[in-house]
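Which chain is which? The protein sequence lines are A and B, in order. For the first sequence, position 68 matches number 296 in my numbering, and the numbering has no gaps at all. For the second sequence, position 107 matches number 142 in my numbering, and the numbering has no gaps at all. Glycine is no exception: its CB is placed at the ideal position from the N, C-alpha and C atoms. Here the structure is a predicted model, which means the values were calculated and not measured. Data first, discussion second: the structure below is written as C-alpha cells.
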Amino acid sequence: EVQLVESGGGLVQPGGSLRLSCAASGFTFSSYDMHWVRQATGKGLEWVSAIGTAGDTYYPGSVKGRFTISRENAKNSLYLQMNSLRAGDTAVYYCARAGDPLGAFDIWGQGTMVTVSS
Amino acid sequence: DIQMTQSPSSLSASVGDRVTITCRASQSISSYLNWYQQKPGKAPKLLIYAASSLQSGVPSRFSGSGSGTDFTLTISSLQPEDFATYYCQQSYSTALTPITFGQGTRLEIK
Numbered sequence: 229e230v231q232l233v234e235s236g237g238g239l240v241q242p243g244g245s246l247r248l249s250c251a252a253s254g255f256t257f258s259s260y261d262m263h264w265v266r267q268a269t270g271k272g273l274e275w276v277s278a279i280g281t282a283g284d285t286y287y288p289g290s291v292k293g294r295f296t297i298s299r300e301n302a303k304n305s306l307y308l309q310m311n312s313l314r315a316g317d318t319a320v321y322y323c324a325r326a327g328d329p330l331g332a333f334d335i336w337g338q339g340t341m342v343t344v345s346s
Numbered sequence: 036d037i038q039m040t041q042s043p044s045s046l047s048a049s050v051g052d053r054v055t056i057t058c059r060a061s062q063s064i065s066s067y068l069n070w071y072q073q074k075p076g077k078a079p080k081l082l083i084y085a086a087s088s089l090q091s092g093v094p095s096r097f098s099g100s101g102s103g104t105d106f107t108l109t110i111s112s113l114q115p116e117d118f119a120t121y122y123c124q125q126s127y128s129t130a131l132t133p134i135t136f137g138q139g140t141r142l143e144i145k
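Here is the structure:
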C-alpha cells in the first residue's frame with residue numbers, strides 16, 4: 229500500500245525547534261518530488277516546502293531561512309527541520325508526494341500537529 | 036506570488052444538484068491547476084490534476100476544465116459524500132513563484 233506517515237509533532241515554545249519526519253512506503257521514494265503543506269485550525273492549506281529528486285529545495289517567504297527540508301532516500305524518509313518557531317507556525321503539517329509531472333499532490337500523510345505556545 | 040481566488044467561498048446545495056466552483060489565477064498558469072477535496076479531520080484528496088484529468092478512483096461525476104487563468108470544478112450530481120471543502124492549487128512553480136492554494140470552497144447541505 230502506498231503510504232506516508234508523519235511523526236514528530238508536539239508542543240514547543242516560541243523560538244524553539246522541532247523536526248518532523250515522514251516515512252514513505254509502497255513506492256520508489258527516491259523517484260518523487262516531496263512536499264510539506266500545513267493547515268492552521270479552521271484555515272486553508274499553505275505550502276511549506278519542497279524537495280526534488282536531486283535534492284533541490286524550495287520554500288515560500290514565510291518560512292525561508294527558518295525551515296529546512298531534507299530527504300534520506302536509503303530510509304525512505306522526508307524531514308522538516310523547523311527553527312525559530314512562532315505562534316503563527318501552529319498547524320497540522322502534512323507531507324505529500326508530487327505524483328504527477330505537473331506537480332499534483334497525489335498521496336498525503338495523515339498529518340502531525342505542531343503547537344507553538346508558551 | 037501567484038494568487039488563487041476561488042468562488043464562491045461557501046455554497047449550499049442539495050443531493051442531485053449540479054455544482055460548479057471556479058478558481059482564478061492572478062497570472063497564466065497554463066494547465067498547472069489541481070483540485071482537492073478535504074473532509075473534516077482528514078488530509079486533502081486529489082480529485083483533478085492538470086486542470087482536467089480525473090485522478091484514478093475518483094467518480095466520474097467530478098470534472099475539471101480551463102486553462103490560463105480561469106478554471107472550474109464541476110460535480111454533475113451531488114452525492115451525500117461530496118459535502119466537503121474544495122481547494123484549487125497551482126503547481127506552476129519555480130524557485131521564485133511558490134505553490135499556492137485557493138482559500139477553499141465549503142460545500143454544505145441545503
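Cutoff 7 Å; reference residue i; Cβ partners in own chain excluding five residues on either side
i: V344 (chain A); result: V240, P242, L313, R314, A315, D317 and T318
i: A268 (chain A); result: T318 and A319
i: P133 (chain B); result: D36
i: S61 (chain B); result: I37 and Q38
Beta-ladder partner(s) of residue i, from DSSP
i: Q105 (chain B); result: Here residue 105 (chain B) turns out to be Asp, not Gln, going by the sequence shown. B:R59 and B:S102.
i: Q125 (chain B); result: B:L68 and B:T135
i: L46 (chain B); result: B:L142
i: Y287 (chain A); result: According to DSSP, Y287 (chain A) bridges with nothing at all.
i: K80 (chain B); result: B:Q72
i: R325 (chain A); result: A:M262 and A:I335
Simplified DSSP state of residue i, which is helix, strand or coil
i: A252 (chain A); result: strand
i: F257 (chain A); result: helix
i: N301 (chain A); result: helix
i: E116 (chain B); result: helix
i: G238 (chain A); result: strand
Other residues of its chain near residue i: CB distance less than 6 Å, five sequence neighbours each side excluded
i: Y127 (chain B); result: I64 and Y67
i: I297 (chain A); result: S277, I279, T285 and L308
i: R299 (chain A); result: I279 and L306
Neighbourhood of residue i by C-beta distance below 8 Å, restricted to the same chain and skipping five residues each side
i: P79 (chain B); result: Y71, Q72, Q73 and Y122
For the segment 37-45 of chain B and the segment 322-335 of chain A, state whether three or more C-beta atom pairs, one from each stretch, are separated by less than 8 Å.
no
Would you say the segment 76-93 of chain B touches the segment 38-58 of chain B, given that touching needs at least three Cβ pairs under 8 Å?
no
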